[in-house]
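For what it's worth, the working numbering labels the leading residue of the sequence shown as 384, then goes sequentially.
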Amino acid sequence: MSPAFSSFLRTYGSLLATWLLLGITLWYEYSPGTYLLGNSNTVPLFVPALHIVRNFHLLLFLVISTGLLLLKSRSPNRRTLVLWILLIGVGYWLVERAFRYQSAVDYYTIWKYQITEKLKYDPFSNPKLVPLALRDVQNPAEPFRVRMKLVFALGQAGVQSAFPVLQSIAQAPDQNPDLRYYCFLSMRQLQPQRFAALLAAMPADSAVALFRQYEQR
């Protein structure tokens, strides 16, 4: 091993090792064979332990590269190399962010069309997915079962921004009465007082009568 190569390893070994660990954790977390497991009911697209490890690696990577940039900056070539490695590390982080969002969208799509409730993760823990749910719950092209599931899930998750959307569905007489009924339930769960005032002002029809019958049980 030449003296120049030994000096390079001593200077940048820990930095390159951290970069390698970032790549390994990124691949492991998002490899299809790792997170799909051939079963849509076990889709752990969010693995907290791996995210913690990855974030620790990223923090360590930035600290080490910044330190080396400050301590080993006598040579312009070394400074340029450290800057490039630092930029690559940040690039890894940006790619990870994009993968994570796409995985969340994929997870939401799988969850939305699932008949059963076997998935353990709350898709609305990612706030970026809420607009997708609000869009789909208003889309008449979506299957009725999907819209009803979204109405229920938005209420269970406490998504306050869903209240006006649910209200517009609940007050539309041309909507399915069962769907409107589920909207009533979710609206009551989100904002009980506001919902009570709205219900009192609604004209009596099949959906309102169904909900009032439910309340009297």
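Where is the CB? At the ideal position from N, CA and C, for every residue including glycine. Owing to the predicted nature of the structure, the values given are computational and were not obtained by experimental measurement.
If I measure Cβ to Cβ from residue 571 and keep anything under 6 Å in the same chain, skipping five residues before and after, which residues do I get? Along the sequence shown, one-based indexing puts residue 571 at 188. Contacts found: 578.
The alpha helix (DSSP H) with residue 538 in it runs from where to where? On the sequence shown, residue 538 is found 155 positions in, with the first residue counted as 1. Element bounds for residue 538: 527-539.
Does residue 509 pass the burial test, meaning 16 or more other C-beta atoms within 10 Å, or should it be called exposed? Start at 1 with the first residue of the sequence shown, and residue 509 comes out as number 126. That one is buried.
Could you check if residue 556 is buried or exposed, using at least 16 other CB atoms within 10 Å of its CB as the buried criterion? Counting from 1 along the sequence shown, the entry for residue 556 is found at position 173. Per the 10 Å Cβ criterion, exposed.
State the Cα-Cα distance for the pair residue 539 and residue 553, rounded to the nearest angstrom. Translated into the one-based positions of the sequence shown, residue 539 becomes position 156. Translated into the one-based positions of the sequence shown, residue 553 becomes position 170. Approximately 17 Å, taken between the alpha carbons.
Let me check understanding here. Comparing Cα to Cα, which of 403, 475 and 520 lies closest to residue 495? Position 112 of the sequence shown, counted from the first residue, corresponds to residue 495. The candidate whose alpha carbon is nearest that of residue 495 is 520.
Whose CA, out of 544, 534 and 543, lies closest to the CA of residue 559? Looking up residue 559 in the sequence shown gives position 176. The shortest C-alpha separation from residue 559 is found at 534.
I'd like to know whether the C-beta atoms of residue 546 and residue 574 end up nearer to each other than 8 Å. As a first step, residue 546 must be located in the sequence shown, where it is residue number 163. As a first step, residue 574 must be located in the sequence shown, where it is residue number 191. Yes, they are a contact pair.
Examine the ligand GTP and report whether any of its heavy atoms sits within less than 7 Å of the Cβ of residue 403. Among the ligands in the structure shown, none appear at all, so the ligand GTP cannot be discussed.
Can you look up residue 460 in the DSSP assignment and give me helix, strand or coil? Counting from 1 along the sequence shown, the entry for residue 460 is found at position 77. Residue 460: helix per DSSP, three-state reduction.
Through-space distance from residue 584 to residue 421, alpha-carbon basis: By one-based count along the sequence shown, residue 421 stands at place 38. By one-based count along the sequence shown, residue 584 stands at place 201. Low per-residue confidence applies at residue 421: pLDDT is 40, beneath 50, and the placement is therefore not dependable, though the value from the model is reported in the following sentence. Rounded to whole angstroms, residue 421 to residue 584 spans 50 Å at the Cα level.
Using the beta-carbon count (16 or more within 10 Å), is residue 428 buried or exposed? Along the sequence shown, read from residue 1 onward, the residue named residue 428 stands at position 45. Per-residue confidence for residue 428 stands at a pLDDT of 45, beneath the threshold of 50, marking its modelled position as unreliable; the derived number appears in the next sentence. Label assigned to residue 428: buried.
Between the beta-carbon of residue 474 and the beta-carbon of residue 402, is there less than 8 Å? Taking the sequence shown and counting its residues from 1, one reaches residue 474 at position 91. Taking the sequence shown and counting its residues from 1, one reaches residue 402 at position 19. Going by C-beta atoms, residue 474 is not nearer than 8 Å to residue 402.
Which class does residue 551 belong to by DSSP, given the choice of helix, strand or coil? Taking the first residue of the sequence shown as 1, we reach residue 551 at position 168. Three-state result, residue 551: helix.
Under DSSP, the alpha helix (DSSP H) around residue 542 begins and ends at which residues? Within the sequence shown, residue 542 is the residue found at index 159, counting from 1. Counting along the chain, residue 542 falls outside any alpha helix (DSSP H), and DSSP gives it neither H nor E.
I'd like the span of the alpha helix (DSSP H) that includes residue 570, first residue to last. Counted from its first residue, the sequence shown places residue 570 at position 187. Its alpha helix (DSSP H) spans residues 560-573.
Simplified DSSP state of residue 584, which is helix, strand or coil: Along the sequence shown, one-based indexing puts residue 584 at 201. It is helical.
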